[in-house]
Amino acid sequence: EAAVTQSPRNKVTVTGGNVTLSCRQTNSHNYMYWYRQDTGHGLRLIHYSYGAGNLQIGDVPDGYKATRTTQEDFFLLLELASPSQTSLYFCASSDRVGTEVFFGKGTRLTVV
Amino acid sequence: GDSVTQTEGLVTLTKGLPVMLNCTYQTTYSPFLFWYVQHLNEAPKLLLKSSTDNKRTEHQGFYATLHKSSSSFHLQKSSVQLSDSALYFCALRETSGGNYKPTFGKGTSLVVHP
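Right, dumping it as structure tokens:
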């Protein structure tokens with residue numbers, strides 16, 4: 001079973017604060033993704049990567065940066081957090097194209 | 113670009129009745145279609161993956177058939193249970209074309225009453 005681990009699981013920050021969400025997968029998957037989930041919008045792709053040092057822009061990238069430091073590790077950065085970024089964030093990974101996506105347990109972020 | 117449409121946002125049913133959740137898609141390339149299920153406070157996880165055109169695939173009582181002629185992959189179950197209450201996502205992944213990202217529909221919430 002593919003393992004995707006996210007940390008922290010819950011985070012509260014103030015408007016304008018810096019936040020880093022971490023994700024590690026231990027299955028040597030090439031592709032990693034960051035999604036946000038909000039009621040009525042489903043899963044929206046923020047950024048994704050297909051290897052260490054690679055970064056692709058997703059569908060809702062504004063206000064987010066990401067970095068893939070190794071095959072295993074993918075980080076999401078909010079440098080000036082805003083209340084509109086309050087959401088449930090999922091990291092996910094997958095092997096080659098056409099295959100299943102494995103999700104982490106999610107990080108609930110609240111920006112007050 | 114690719115797109116996945118789930119027409120129902122919410123489906124409410126009584127236990128024991130059949131259900132069909134709709135999923136249609138658009139893509140230029142040959143796709144795999146997936147259904148993911150997300151129970152309350154859990155991560156989405158795979159429920160079904162499409163097989164070849166017009167072949168039914170089944171798992172845990174749920175089934176779906178990829179129909180390329182109508183670009184559809186509807187999810188069905190003959191008798192829903194209380195434990196089926198969850199959020200269901202249809203998703204598409206290309207098998208070629210260089211698009212690495214999966215495309216998800218907006219999800220259908222299934223609520224099963226006693």
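As you go down the protein sequences, you meet chains A and B in turn. The numbering used here puts the first residue of the first sequence at 1, with every later residue one more than the last. The numbering used here puts the first residue of the second sequence at 113, with every later residue one more than the last. Glycine is no exception: its CB is placed at the ideal position from the N, C-alpha and C atoms.
Pick helix, strand or coil for residue i, following the three-state DSSP scheme.
i	result
A:Ser28	coil
B:Leu194	helix
A:Pro83	helix
A:Ser7	strand
B:Thr124	strand
B:Glu206	strand
B:Ala155	coil
A:Leu55	coil
B:Gln150	strand
A:Leu96	Rather than Leu, the amino acid found at residue 96 of chain A in this sequence is Arg. Here A:Arg96 sits in coil by DSSP.
A:Lys113	The requested residue 113 of chain A is not part of the displayed model; chain A covers only 1 to 112.
A:Asp73	strand
Quick one: is residue i near chain A, going by C-beta distance under 8 Å?
i	result
B:Glu206	yes
B:Lys167	no
B:Ala176	no
B:Lys157	yes
B:Lys218	yes
B:Phe185	no
Measuring only between beta-carbons, confirm whether residue i sits less than 8 Å from chain B.
i	result
A:Lys11	no
A:Lys105	yes
A:Leu78	no
A:Tyr55	According to the sequence provided, residue 55 of chain A is Leu. The question's Tyr does not apply to it. No, A:Leu55 lies away from the interface with chain B (no Cβ there is under 8 Å from its Cβ).
A:His29	no
A:Phe90	yes
A:Leu45	yes
A:Gly98	yes
Please tell me whether residue i and residue j are closer than 8 Å, where the distance is taken between their beta carbons.
i	j	result
A:Leu45	A:Gly63	no
A:Arg96	A:Asn54	no
B:Leu222	B:Leu133	yes
B:Gln150	B:Cys135	no
A:Gly98	B:Thr207	yes
A:Val14	A:Val112	yes
B:Cys202	B:Leu145	yes
B:Pro214	A:Val12	no
A:Asn109	A:Gln85	For the sequence presented, residue 109 of chain A should be read as Leu rather than Asn. For A:Leu109 and A:Gln85, yes; Cβs fall inside 8 Å.
B:Thr177	B:Lys167	yes
Give the single residue among the options whose Cα lies nearest to the Cα of residue i.
i	options	result
A:Ser49	A:Pro8, A:Val101, A:Asn27 and A:Phe74	A:Phe74
A:Thr107	A:Ala3, A:Gln37 and A:Leu80	A:Gln37
A:Gly6	A:Gly42, A:Val12, A:His47 and A:Phe103	Here residue 6 of chain A turns out to be Gln, not Gly, going by the sequence shown. That would be A:Phe103, whose Cα lies nearest to the Cα of A:Gln6.
B:Ser184	B:Tyr212, B:Ser163 and B:His171	B:Ser163
A:Leu76	A:Leu43, A:Lys65, A:Lys105 and A:Ala3	A:Lys65
B:Pro156	B:Pro226, B:Gly217 and B:Val131	B:Gly217
A:His41	B:Thr220, B:His179 and B:Pro130	B:Thr220
Within 8 Å (strictly less), CB to CB, does residue i reach chain D?
i	result
B:Lys161	No chain D appears in this structure, whose protein chains are A and B.
Give a yes or no on contact between the segment 86-103 of chain A and the segment 190-197 of chain B, applying the rule of three or more CB pairs nearer than 8 Å.
no
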